[in-house]
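In this note's numbering, the protein residues as written are 2 to 111. Ideal Cβ positions, reconstructed from N, Cα and C, are used throughout, including at glycine. In this text, all values refer to a predicted model and were calculated from it rather than measured experimentally. A short write-up of the structure that comes next.
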């Protein structure tokens, strides 16, 4: 939480960039968010992507210029289904690329 404290005090060192690895995002930030509803790191904003358009994201980002990090709950398209609802007011979110497996050592974590 040291970085959060520095961010609150606007005391970040010159050149500071929030650039966690995929493993760090899962093992620290995401796992903490899931286990502690009060966990709110300053560098990662909570966003409801179903009520947000792509052009709204820069204003919602906590920090960063080219990469932003957000927590968002997954909304199901159907109550009993597995498909994700990606619809927004103006359109829909389109998935691009392939899912990437994230490992911690030899163990699959995401």
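Query: Residue span of the alpha helix (DSSP H) that contains residue 58, given as start and end; Result: 58-61
Query: Contact belief for residue 73 with residue 57 at Cβ below 8 Å, rounded distance in angstroms; Result: Contact doesn't hold; Cβ gap of about 13 Å is too wide.
Query: Limits of the unbroken alpha helix (DSSP H) element including residue 33; Result: 32-36
Query: Whether residue 33 touches residue 110 by CB criterion (9 Å); Result: no
Query: Residues near residue 1 by beta carbon distance below 7 Å, same chain, minus five either side; Result: Residue 1 cannot be examined here, being either before or after the span of the chain that is shown, 2 to 111.
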